[in-house]
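Using the working numbering, you'd call the opening residue of the sequence shown number 62 and step up by one each time.
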Amino acid sequence: MADVGEREAEKKVMVAIDESESSHYTLLWVLENLKESISKSPLVIFMAQPPAQSNYTFAAALGTARMYCPVSATPELVNSVQENQKKLVLLLLEKAKDICATKGVTAEIITEVGDPRTAICDTVEKYNISLLVLGVRDFGRIKRAFLGSVSNYCVQNAKCPVLVVKKQK
62 MADVGEREAE KKVMVAIDES ESSHYTLLWV LENLKESISK SPLVIFMAQP
112 PAQSNYTFAA ALGTARMYCP VSATPELVNS VQENQKKLVL LLLEKAKDIC
162 ATKGVTAEII TEVGDPRTAI CDTVEKYNIS LLVLGVRDFG RIKRAFLGSV
212 SNYCVQNAKC PVLVVKKQK
């Protein structure tokens with residue numbers, strides 16, 4: 062019987078967040094509705110950092126027209142952008158950790174560089190996550206078709222059960 066208790070204590074729940082309102086809602090939903098599941102081990106809060114780009118596009122005004130100019134980024138610019146993105150991600154993760162603390166939940170924060178879809182699934186496998194919880198953004202059909210859905214990708218590819226939380230209107 063002790064084995065069952067130990068296995069229960071080892072189960073990890075991970076919430077993948079971004080800067081959206083739906084992620085904030087999802088985190089609060091988990092803290093309210095999965096309190097028993099996250100009481101035995103720390104809640105894992107994950108956020109992906111976008112990968113570095115070697116080209117950036119900016120708009121140059123030409124009277125009433127705009128011209129979009131791709132520019133190759135210098136290594137200094139790429140490093141500066143990456144550092145600023147990392148700082149922003151860590152601030153958002155710390156804020157999420159503080160929200161957990163106010164609800165009496167211990168949280169562990171993790172960030173990885175990469176496309177959110179693959180970074181989330183890789184992290185699930187790397188940290189042996191038992192349940193992945195994601196929010197869903199309210200993209201329209203066309204935008205979702207072009208950008209793809211992170212939650213749909215994770216439902217199909219994550220190596221654990223996935224719970225998708227949708228904010229009620």
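Note that CB positions come from ideal geometry on N, CA and C, so glycine has one too.
Give a yes or no on whether the C-beta atoms belonging to ILE170 and LEU193 are separated by under 9 angstroms.
Not a contact, by the Cβ cut-off of 9 angstroms.
Which residue or residues does DSSP assign as beta-bridge partners of GLU169?
GLU169 is bridged to VAL105.
Collapsed DSSP secondary structure at GLU80 in the structure displayed
coil
Whose C-alpha, out of ILE160, VAL225, CYS221, is nearest the C-alpha of SER210?
VAL225
Using the three-state DSSP reduction, which class does LYS227 fall into: helix, strand or coil?
Coil at LYS227, not helix or strand.
First through last residue of the alpha helix (DSSP H) which encompasses VAL150
136-163
Expressed to the nearest angstrom, what Euclidean distance is found between the alpha-carbon atoms of ILE106 and THR135?
32 angstroms
Using C-beta distances below 7 angstroms, list every residue in its chain close to SER191, excluding the 5 sequence neighbours before and after it, in chain order.
LYS72, LYS73, VAL74, CYS221
Where the alpha helix (DSSP H) containing VAL194 begins and where it ends:
Careful: VAL194 lies outside any alpha helix (DSSP H), inside the beta strand (DSSP E) at 192-196.
Would you kindly work out how many angstroms separate the C-alpha atoms of GLU97 and ALA168, rounded to a whole number?
14 angstroms
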